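Engineer: Residue numbers for the sequence shown follow this note's numbering, beginning at 34 and rising by one.
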Amino acid sequence: MSNPAVRVVELSSPFTRFAGRLLVGLGYEVVLVEPEEGDPTRRELNGDAFVHWHAGKRSVTPASPAELRRLVEGADVLLDGTPDGAPEAVAGLDHLVHVRVTPFGTVGPRSHWQGTDLVVAALGGMLAQVGDPDGPPLRLPENQAEQLAGVHGAIAALLGLRARRTGPGQLADVSAQACAAAALEAGTLAYLHEDRVPGRPGRVHPLVPHGLFRAADGYLGGGLGGSPRMWDALLVWLREEGAEADLAEPRWQDPVERKKYQEHVFEVVQDFAGRWPKAEFAELAQSRKLPWAAVDLPHEMPGNPQLAARDFFLRAGGRTDLGFPFAFPEGHRIKELDVPERGADQRLLEEYRPAPRVPAAPAEPARPALHGIRVLDLTWVLAGPYCTKVLADHGADVIKVESLGRPDPTRFAPFMHLSRGPHTDPNTNGYFNEVNRNKRSLALDTRTEDGIAVLRDLIASCDVLVENFSATVMTKLGLGYDTLREINPRLVYVSMSGMGHSGPRSGWVSYADTVSASSGLTGLTGWGPEDVVGVIYGHGDIVAGLQAALATAAALEHREETGRGQHIDLSQLEAIASHMGTSLLNPAEPAGNTDPRWSPQGVYRCLGADRWLAVSVRDDTEWARLCTAIGRPGLATDERTRTAADRAHHADLVDDALAGWARTLPADAAAELLQEHGIPAGAVQDGRDLVEQDPQLRARGFYVRAEHPVAGAFLHEGPPIRLTRTPGGVRTAAPVLGADTDDVLREVAGLPPERIRELREREVLR
Numbered sequence: 034m035s036n037p038a039v040r041v042v043e044l045s046s047p048f049t050r051f052a053g054r055l056l057v058g059l060g061y062e063v064v065l066v067e068p069e070e071g072d073p074t075r076r077e078l079n080g081d082a083f084v085h086w087h088a089g090k091r092s093v094t095p096a097s098p099a100e101l102r103r104l105v106e107g108a109d110v111l112l113d114g115t116p117d118g119a120p121e122a123v124a125g126l127d128h129l130v131h132v133r134v135t136p137f138g139t140v141g142p143r144s145h146w147q148g149t150d151l152v153v154a155a156l157g158g159m160l161a162q163v164g165d166p167d168g169p170p171l172r173l174p175e176n177q178a179e180q181l182a183g184v185h186g187a188i189a190a191l192l193g194l195r196a197r198r199t200g201p202g203q204l205a206d207v208s209a210q211a212c213a214a215a216a217l218e219a220g221t222l223a224y225l226h227e228d229r230v231p232g233r234p235g236r237v238h239p240l241v242p243h244g245l246f247r248a249a250d251g252y253l254g255g256g257l258g259g260s261p262r263m264w265d266a267l268l269v270w271l272r273e274e275g276a277e278a279d280l281a282e283p284r285w286q287d288p289v290e291r292k293k294y295q296e297h298v299f300e301v302v303q304d305f306a307g308r309w310p311k312a313e314f315a316e317l318a319q320s321r322k323l324p325w326a327a328v329d330l331p332h333e334m335p336g337n338p339q340l341a342a343r344d345f346f347l348r349a350g351g352r353t354d355l356g357f358p359f360a361f362p363e364g365h366r367i368k369e370l371d372v373p374e375r376g377a378d379q380r381l382l383e384e385y386r387p388a389p390r391v392p393a394a395p396a397e398p399a400r401p402a403l404h405g406i407r408v409l410d411l412t413w414v415l416a417g418p419y420c421t422k423v424l425a426d427h428g429a430d431v432i433k434v435e436s437l438g439r440p441d442p443t444r445f446a447p448f449m450h451l452s453r454g455p456h457t458d459p460n461t462n463g464y465f466n467e468v469n470r471n472k473r474s475l476a477l478d479t480r481t482e483d484g485i486a487v488l489r490d491l492i493a494s495c496d497v498l499v500e501n502f503s504a505t506v507m508t509k510l511g512l513g514y515d516t517l518r519e520i521n522p523r524l525v526y527v528s529m530s531g532m533g534h535s536g537p538r539s540g541w542v543s544y545a546d547t548v549s550a551s552s553g554l555t556g557l558t559g560w561g562p563e564d565v566v567g568v569i570y571g572h573g574d575i576v577a578g579l580q581a582a583l584a585t586a587a588a589l590e591h592r593e594e595t596g597r598g599q600h601i602d603l604s605q606l607e608a609i610a611s612h613m614g615t616s617l618l619n620p621a622e623p624a625g626n627t628d629p630r631w632s633p634q635g636v637y638r639c640l641g642a643d644r645w646l647a648v649s650v651r652d653d654t655e656w657a658r659l660c661t662a663i664g665r666p667g668l669a670t671d672e673r674t675r676t677a678a679d680r681a682h683h684a685d686l687v688d689d690a691l692a693g694w695a696r697t698l699p700a701d702a703a704a705e706l707l708q709e710h711g712i713p714a715g716a717v718q719d720g721r722d723l724v725e726q727d728p729q730l731r732a733r734g735f736y737v738r739a740e741h742p743v744a745g746a747f748l749h750e751g752p753p754i755r756l757t758r759t760p761g762g763v764r765t766a767a768p769v770l771g772a773d774t775d776d777v778l779r780e781v782a783g784l785p786p787e788r789i790r791e792l793r794e795r796e797v798l799r
């Protein structure tokens with residue numbers, strides 16, 4: 034158990050239930066408050082939805098507000114998905130960490146708006162990034178916007194518990210829209226740093242030479258890789274099979290040429306890949322250290338030898354379900370969860386549980402929740418830096434270790450610079466600068482004995498070490514976990530390799546798209562089984578980063594109770610697989626923007642170029658209101674549209690009516706009209722819309738201007754979690770390479786000036 038003395042009460046909603054599930058996985062007691070008729074998920078997907086979201090929780094059905102109040106008085110955390118914030122239950126409880134997770138946040142002009150996963154994904158920018166360039170925007174399957182909000186809710190709960198050690202509880206306001214807007218990889222950054230709005234990329238990654246390819250029996254995720262070695266290895270394979278076409282010509286050795294004529298290169302690779310069964314091609318590619326993976330559907334995941342070998346799956350209600358994103362604590366895997374009957378734990382309503390005593394609020398301004406935690410950051414690109422960004426935003430002292438010999442590749446990426454002309458300065462890349470704000474930079478060549486010696490000194494003085502190398506790198510550096518534990522027994526070591534440090538595929542080369550392919554996410558992203566579009570941006574990286582941040586916060590809490598550090602062996606595959614919702618218990622196929630519970634739900638073209646409206650109708654009452662709003666009241670009483678099942682059966686009739694109405698209106702105006710009638714709706718927003726037009730994000734101060742010493746001033750995406758007493762935020766812009774080297778070596782490693790001079794003379798600090 035992480036801390037069985039901590040009690041979490043959950044007032045569930047689609048935006049909080051994943052937070053509750055994650056806290057169950059961390060060992061906390063989670064008490065689900067159900068209405069008399071039971072949680073709505075008991076009636077969804079033949080009860081499979083309840084099994085997935087709520088197995089392992091305890092269930093109570095309070096008969097009165099007074100009973101709920103008594104339960105909350107003895108709780109440590111309230112996970113609250115209610116529209117009003119349960120004021121009677123929380124008033125005056127200064128010990129309570131009150132985590133409100135709502136579609137748009139608790140303040141702002143749209144805080145009252147109705148939101149579903151589709152609508153939040155539209156208004157949060159996710160829909161604009163998926164789909165064909167000339168077709169409608171496409172949602173990611175299994176409610177990814179809801180799940181992003183859920184993992185932020187779980188992080189908020191642990192941040193609140195940590196902050197409560199030095200002061201009272203507080204409100205954590207989590208906006209699902211902001212969670213989505215902070216998870217777009219390049220979506221908004223391209224606008225902020227290049228004044229460019231990328232179109233939907235279809236099946237080809239817009240930044241790196243990867244995409245979705247047809248195999249003989251399905252699909253493959255992969256591409257040319259990110260290094261000359263990978264291109265050379267792919268070319269050798271093509272030549273061995275006589276499939277190289279003209280790619281052996283010298284011109285194709287130039288990566289600029291390959292990028293310029295990428296469509297032709299991909300055609301040759303597609304002709305070759307299409308000959309093979311997907312699993313066989315992926316195995317052969319990985320034997321050559323090439324980043325490819327079969328696109329599996331969720332029902333194929335139990336056959337994945339890596340997931341099986343690492344005991345990822347669990348049993349819930351006697352059935353196999355998805356496990357948790359990492360084994361916790363100390364490598365423990367939950368193997369089985371009970372599914373509670375409604376009200377099975379009513380006795381909890383009668384038990385007296387004293388409210389925990391908490392310190393009074395300090396006289397000086399409260400510091401961020403992770404103030405005093407020092408993190409050694411050996412990560413690069415996106416997944417790892419996203420994790421340490423979350424930690425830094427909430428006050429951790431994050432020391433990024435890099436060097437000119439081994440820089441973060443995004444420092445030198447040719448895209449996303451504010452300045453024009455050649456981009457050789459390692460300090461001006463907007464992609465790097467976004468995910469590395471609030472950090473310090475230490476230039477240290479870890480390929481030298483002196484560099485490793487300094488690294489060991491730093492490890493001895495840090496609380497957390499995070500890296501996202503391949504599985505064997507740290508051991509080769511002489512810094513496997515046994516050694517790390519000898520150096521610092523209290524160290525929380527978070528590794529973030531693609532497949533994890535154990536298992537038959539631990540050596541596989543992984544990119545975000547290949548991990549998404551193996552997890553089932555890519556295979557469910559499309560319009561149908563023969564029209565898969567896939568996930569072409571780094572959603573998997575961001576999910577892994579968030580789950581690693583959650584793991585870090587949980588391990589720090591565990592250390593407070595036990596005095597021990599631990600190794601979190603996080604597999605990026607397991608992290609994204611844990612976000613696949615009910616898809617294993619209730620197998621599905623790609624289904625576009627529809628939802629099996631509701632009708633209509635979809636995205637409709639509006640007035641203007643590439644302008645779209647997302648709409649969800651959750652019940653017959655909302656359907657009647659929508660018919661009134663679009664000027665078709667008679668349609669509500671048409672026998673063909675009376676129930677959701679009727680409307681789904683006559684989808685053409687319903688969609689034609691809604692599409693005809695939407696086509697004549699600006700998307701924002703259409704959304705505002707439907708929201709006035711209480712119907713979840715929102716414009717599909719791109720990066721420019723989010724920054725310039727969205728009144729909710731502006732009112733919440735989501736985009737924050739900070740001055741970079743080289744790149745100049747620009748807007749940053751703010752943290753989606755707003756803690757009222759110990760707020761995080763963007764305090765400083767990203768560091769210039771090596772800017773903090775002397776300070777870190779002196780303050781953290783304890784090196785004298787003469788030793789620092791010696792290291793500099795030996796070029797260890799380049």
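Note that beta-carbon positions come from the ideal geometry of N, C-alpha and C, so glycine has one too.
It should be emphasised that the depicted structure is a prediction, and the values quoted were computed from it without experimental measurement.
By DSSP, does Ser35 sit in helix, in strand, or in coil?
Structural biologist: Legend: pLDDT at Ser35 = 41, less than 50; position of this residue unreliable, no value from coordinates given.
Engineer: Helix, strand or coil: how does DSSP classify Ile432 here?
Structural biologist: Note: Ile432 maps to strand in three-state DSSP.
Engineer: Taking the alpha carbon of Leu355 as the reference point, which residue from Val84, Gln718, Gly720, Asp72 has its own alpha carbon closest?
Structural biologist: The option with the nearest alpha carbon to Leu355 is Val84.
Engineer: Go through its chain and collect everything with a Cβ distance to Pro31's Cβ below 8 Å, but skip five positions before and after it.
Structural biologist: This structure cannot settle anything about residue 31, because the visible part of the chain is limited to 34 through 799.
Engineer: Grab me the residues of Leu173's own chain with a C-beta within less than 8 Å of its C-beta, minus the 5 sequence neighbours each way, in chain order.
Structural biologist: So the list reads Ala154, Met159, Val163, Leu554, Thr558, Val568, His572, once near-sequence residues are dropped.
Engineer: Thinking just about the alpha-carbon of each residue, which of Ser632, Val769, Val717, Val289 is nearest to the one in Asp679?
Structural biologist: The shortest C-alpha separation from Asp679 is found at Ser632.
Engineer: Quick one: is Tyr294 buried, meaning 16 or more other Cβ sit within 10 Å of its Cβ, or exposed?
Structural biologist: By the neighbour-count rule (16 or more Cβ atoms within 10 Å), Tyr294 is not buried but exposed.
Engineer: Residues in its own chain within less than 7 Å of Ile492 by CB, not counting five upstream and five downstream?
Structural biologist: Counting only Cβ-Cβ distances below 7 Å, and skipping sequence neighbours, we find Leu409, Leu498, Leu517, Ile520, Asn521, Leu524.
Engineer: Just checking my contact of Val423 with Leu579 at CB under 8 Å: how many whole Å lie between their CB atoms?
Structural biologist: So it is a contact: roughly 7 Å between Cβ atoms.
Engineer: Would you list the one or two residues that DSSP bridges to Ser474?
Structural biologist: Note: Ser474 sits in a beta bridge opposite Lys433.
Engineer: Exposed or buried, what is His145 when buried is set at 16 or more other beta-carbons lying within 10 Å of its beta-carbon?
Structural biologist: It counts as exposed.
Engineer: Please classify Gln319 as buried or exposed, where buried requires at least 16 neighbouring CB atoms within 10 angstroms.
Structural biologist: Buried, because 16 or more other Cβ atoms sit within 10 Å of the Cβ of Gln319.
Engineer: Which residues bound the beta strand (DSSP E) around Gly256?
Structural biologist: Per DSSP, Gly256 belongs to the beta strand (DSSP E) from 251 to 256.
Engineer: What distance in whole Å lies between the Cβ atoms of His128 and Ala388, which are believed to be in contact at a cut-off of 8 Å?
Structural biologist: Ala388 to His128, Cβ: 5 Å. Contact.
Engineer: Would you say the region 430 to 441 touches the region 466 to 476, given that touching needs at least three Cβ pairs under 8 Å?
Structural biologist: Contact between the region 430 to 441 and the region 466 to 476 is present, because at least three Cβ pairs lie under 8 Å.
Engineer: With three or more C-beta pairs closer than 8 Å as the rule, is the region 346 to 363 touching the region 80 to 99?
Structural biologist: The region 80 to 99 is in contact with the region 346 to 363.
Engineer: Within 10 angstroms of the Cβ of Arg76, are there 16 or more other Cβ atoms? Answer buried if so, exposed if not.
Structural biologist: Looking at its Cβ environment, which holds fewer than 16 other Cβ atoms inside 10 Å, Arg76 is exposed.
Engineer: Is the region 307 to 318 in contact with the region 237 to 257, if contact means three or more CB pairs nearer than 8 Å?
Structural biologist: Yes, since at least three Cβ pairs between the region 307 to 318 and the region 237 to 257 fall closer than 8 Å, the two stretches touch.
Engineer: On the DSSP bridge list, what partners appear for Asn466?
Structural biologist: DSSP output for Asn466 lists no bridge partner at all.
Engineer: Spell out the partners DSSP gives Ala327 in its beta bridges.
Structural biologist: Answer is Leu253, bridged to Ala327.
Engineer: Specify the secondary structure class of His131 as computed by DSSP and reduced to three states.
Structural biologist: Strand.
Engineer: Over the uninterrupted beta strand (DSSP E) stretch that includes Phe747, give me the two end residues.
Structural biologist: Run containing Phe747: 745 to 750, per the beta strand (DSSP E) assignment.
Engineer: Under the rule that 16 or more other beta-carbon atoms within 10 Å means buried, what is His427, buried or exposed?
Structural biologist: Counting Cβ neighbours within 10 Å, His427 comes out buried, since at least 16 surround it.
Engineer: Let me know the secondary structure DSSP gives Gln634 once reduced to three states.
Structural biologist: Gln634: strand per DSSP, three-state reduction.
Engineer: Check Glu482 in the structure and name its three-state DSSP category.
Structural biologist: DSSP places Glu482 in helix when its eight states are reduced to three.
Engineer: Could you tell me the alpha carbon to alpha carbon distance between Glu791 and Phe445, rounded to whole angstroms?
Structural biologist: Answer to the nearest angstrom: the Cα atoms are 28 Å apart.
Engineer: Would you grab the beta carbon distance between Ile575 and Tyr736 for me? Rounded to a whole angstrom, and I think it's under 8 Å.
Structural biologist: Actually they are not in contact, since the Cβ atoms of Ile575 and Tyr736 sit about 18 Å apart, beyond 8 Å.
Engineer: Considering just the uninterrupted stretch of the alpha helix (DSSP H) at Arg680, what are its terminal residues?
Structural biologist: Here the alpha helix (DSSP H) through Arg680 covers 677 to 682.
Engineer: Do you know offhand how far Pro358's Cα is from Val391's?
Structural biologist: So the alpha carbons of these two residues sit roughly 31 Å apart.
Engineer: Taking Cβ positions, are Ala219 and Ala178 nearer each other than 8 Å?
Structural biologist: Going by C-beta atoms, Ala219 is not nearer than 8 Å to Ala178.
Engineer: Let me know the secondary structure DSSP gives Asp773 once reduced to three states.
Structural biologist: If DSSP states are grouped into helix, strand and coil, Asp773 belongs with coil.
Engineer: Applying the 10 Å Cβ sphere with the 16-neighbour rule, what's the burial state of Glu794?
Structural biologist: The residue in question, Glu794, is exposed, as its Cβ has fewer than 16 Cβ neighbours within 10 Å.
Engineer: Going along the chain, which unbroken runs of the alpha helix (DSSP H) with 4 or more residues stay wholly within the region 136 to 197?
Structural biologist: DSSP runs (the alpha helix (DSSP H)) wholly in the region 136 to 197: 150 to 156, 177 to 196.
Engineer: Closer than 8 Å by C-beta to Asp775: which residues in its own chain qualify, once you throw out the five before and the five after it? Chain order, please.
Structural biologist: The residues are Ile789.
Engineer: Just the C-alpha distance for Thr49 and Asp265, rounded to the nearest angstrom, thanks.
Structural biologist: Spanning the two alpha carbons is a distance of roughly 47 Å.
Engineer: Step through the CB atoms of chain E and report whether any lies within less than 8 Å of the CB of Ala642.
Structural biologist: Any reference to chain E falls outside this structure, which holds one protein chain only.
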